[in-house]
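Take 1200 as the starting number for the sequence shown in our numbering and just add one per residue.
Ideal Cβ positions, reconstructed from N, Cα and C, are used throughout, including at glycine.
Remember, predicted model here, so these are calculated numbers, not experimental data.
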Amino acid sequence: AQEGDIERQLDTLREVHHALQFRLLAQDLEGRVSVEHLADLLSKLADIIVEQVVQSVWQSIPQRHLERPRFAVIAYGKLGGKELSYASDLDLIFLYEDEDQDAPALYAKLAQRFITWMTTHTAAGILFDIDIALRPDGASGLMVSSLNSFARYQEKSAWLWEHQALTRARFCAGDKEIGRKFEAIRSAVLQLHRDDQKLKDEVIQMRKRMRDANQNRSDLFDLKHDYGGMIDIEFIVQYLILRHAHQHPELTGNLGNIALLKRCGELGLIPQDQAFATANAYRMLRKFQHNIRLQGDEKARVKHEKVAEAVRASKQLWECIFGAETIR
1200 AQEGDIERQL
1210 DTLREVHHAL
1220 QFRLLAQDLE
1230 GRVSVEHLAD
1240 LLSKLADIIV
1250 EQVVQSVWQS
1260 IPQRHLERPR
1270 FAVIAYGKLG
1280 GKELSYASDL
1290 DLIFLYEDED
1300 QDAPALYAKL
1310 AQRFITWMTT
1320 HTAAGILFDI
1330 DIALRPDGAS
1340 GLMVSSLNSF
1350 ARYQEKSAWL
1360 WEHQALTRAR
1370 FCAGDKEIGR
1380 KFEAIRSAVL
1390 QLHRDDQKLK
1400 DEVIQMRKRM
1410 RDANQNRSDL
1420 FDLKHDYGGM
1430 IDIEFIVQYL
1440 ILRHAHQHPE
1450 LTGNLGNIAL
1460 LKRCGELGLI
1470 PQDQAFATAN
1480 AYRMLRKFQH
1490 NIRLQGDEKA
1500 RVKHEKVAEA
1510 VRASKQLWEC
1520 IFGAETIR
C-alpha cells in the first residue's frame, strides 16, 4: 500500500510541477517575464520540489533513526547560480552531519532513492535529470559526504576547477543548519589567497580544454562554447571571485553573473565600462539561448552578426584580464 501511496504522491508532484512550468511558459511566451526573473522562479520551484522529495524519501526509509534527516542538498551549476531553464538538469551534491554509526549507509540510501524518484519516467513524466559528478572525488567518490570530510576535501584536495564550480554553489534543501555550515565552508574556501599568475594559468588551461572538447564546425556562433560566448564570461566572473574575494568578501554572495560583473566594475577590479558592457552582453546571450531552446533546438547557435556587439564586449574583457594570446 505504501508503494502505491508513494507512486501517487510522486505523480501528483510531477503534475503540479509541469502545471506550474506551463504557467510560467505562457507568461514567457507573452513576454511578461524577463529571462532573469523566469530563471529565479524556475530555480525556486526546483528547490521546493527537491525539498519535498527529500522529506518524502526519508519517510519511506523504515530504518530511519530521526524524524528529520541531518542531510542537505547542495546545488551547483545552473540551479546553484539560479539560472535554471525549462529543461535543465540539476547538478547536486549531498552532505550529512550525523554521528550515528548507521548514518553513512542511511544517507547513501536516501541519496540513491532521491535520485531514482527524481529521474523516473512515468505517465506523468519526469521531475528532473540529476548530475552528481561534482561531488568530492567525482565518479570515484562516495555518493554522500560528511560535512567535515567535504570541508577537508575543499581545503586540501580539490582542483581549482572545483573551486570555480563552488562559486555557483548554494544550499538548496534539507537541514538548514548544515546549509549554514556549508555556506561558511564555501565562503572560507573562496576567500583563500591565491597566486594570481598560477590562478590565471589554470583558468586559461581549463577554458582551453573545454573549448577543445566542444568544437563548433558550423558557420553559426555557438552562444555557449565559442570564443566570446557565455562560458568565457562565466570563467571571467569565477576568476575575479577567486582572485579578489579575500579582499572583497561580498564577491562570494550568490548574486548571479550579471550583478557580480557590475560589482567588480564598481570595486575597480575591472574597467567599469567593460564590466557593464559584458554584463549586458551576458544578458543578451542568455536571452538568445533561451529563445532558441524554446523552439526545441538543443544547440544554441545564431548568425555571427546577431551577437557581434555582445561578443566584442566579452572578448575585450577576456583580453583585458588574460591577454589576447591566451585564446589560441
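Check                                                                                                                                              : Outcome
Between glutamine 1414 and the rest of its own chain, which residues show a CB-CB distance below 7 Å, the 5 nearest in sequence each way excluded? : none
In angstroms with no decimal places, state the Cα-to-Cα distance between phenylalanine 1370 and isoleucine 1292.                                   : 10 Å
Could you tell me the boundaries of the beta strand (DSSP E) in which leucine 1343 lies?                                                           : Looking at the sequence shown, residue 1343 is not leucine but valine. Premise fails: valine 1343 is in no beta strand (DSSP E) and is neither H nor E.
With a CB to CB cut of under 8 Å and the five nearest residues on each side skipped, what residues in its chain are close to valine 1256?          : Leu1309, Arg1312, Phe1313 and Trp1316
Sort out for me which residues DSSP pairs arginine 1410 with in a bridge.                                                                          : Partner(s): none; arginine 1410 has no beta bridge.
Out of Gln1226, Ala1364, Leu1228 and Ser1233, point me to the one whose CA is closest to aspartate 1164's CA.                                      : Here the chain has residues from 1200 to 1527 only, and residue 1164 is not among them.
Would you grab the beta carbon distance between glycine 1495 and glutamate 1282 for me? Rounded to a whole angstrom, and I think it's under 8 Å.   : In fact, because the Cβ distance is near 20 Å, the residues do not count as touching under 8 Å.
Inspect the beta-carbon positions of leucine 1294 and valine 1252 and report whether they are closer than 9 Å.                                     : no
Whose C-alpha, out of Arg1442, Arg1482 and Met1342, is nearest the C-alpha of leucine 1389?                                                        : Arg1442
Just confirm the distance between the C-beta atoms of glycine 1428 and aspartate 1421, as a whole number of angstroms; I'd bet it's less than 8 Å. : 6 Å
Would you call the CB atoms of isoleucine 1403 and leucine 1439 closer than 9 Å?                                                                   : no
Arginine 1263 to lysine 1498, Cα distance in whole Å?                                                                                              : 44 Å
Helix, strand or coil, according to DSSP, for tyrosine 1275 in the structure here?                                                                 : strand
Which same chain residues, not among the five before or five after serine 1242, have their C-beta less than 7 Å away from its C-beta?              : Leu1278, Lys1281 and Leu1283
How do the stretch 1266-1274 and the stretch 1215-1225 stand: do at least 3 beta-carbon pairs fall below 8 Å, yes or no?                           : no
Does histidine 1362 pass the burial test, meaning 16 or more other C-beta atoms within 10 Å, or should it be called exposed?                       : buried
Three-state secondary structure (DSSP) at tyrosine 1352?                                                                                           : helix
Using only CA atoms, which one of Lys1502, Arg1482, Glu1382 and Gln1515 lies nearest to asparagine 1453?                                           : Glu1382
State the start and end residues of the unbroken alpha helix (DSSP H) segment that holds phenylalanine 1475.                                       : 1471-1493
Rounded to whole angstroms, what's the CA-CA distance from leucine 1209 to alanine 1245? Just pull it up for me.                                   : 14 Å
DSSP state of valine 1402, grouped into three classes?                                                                                             : helix
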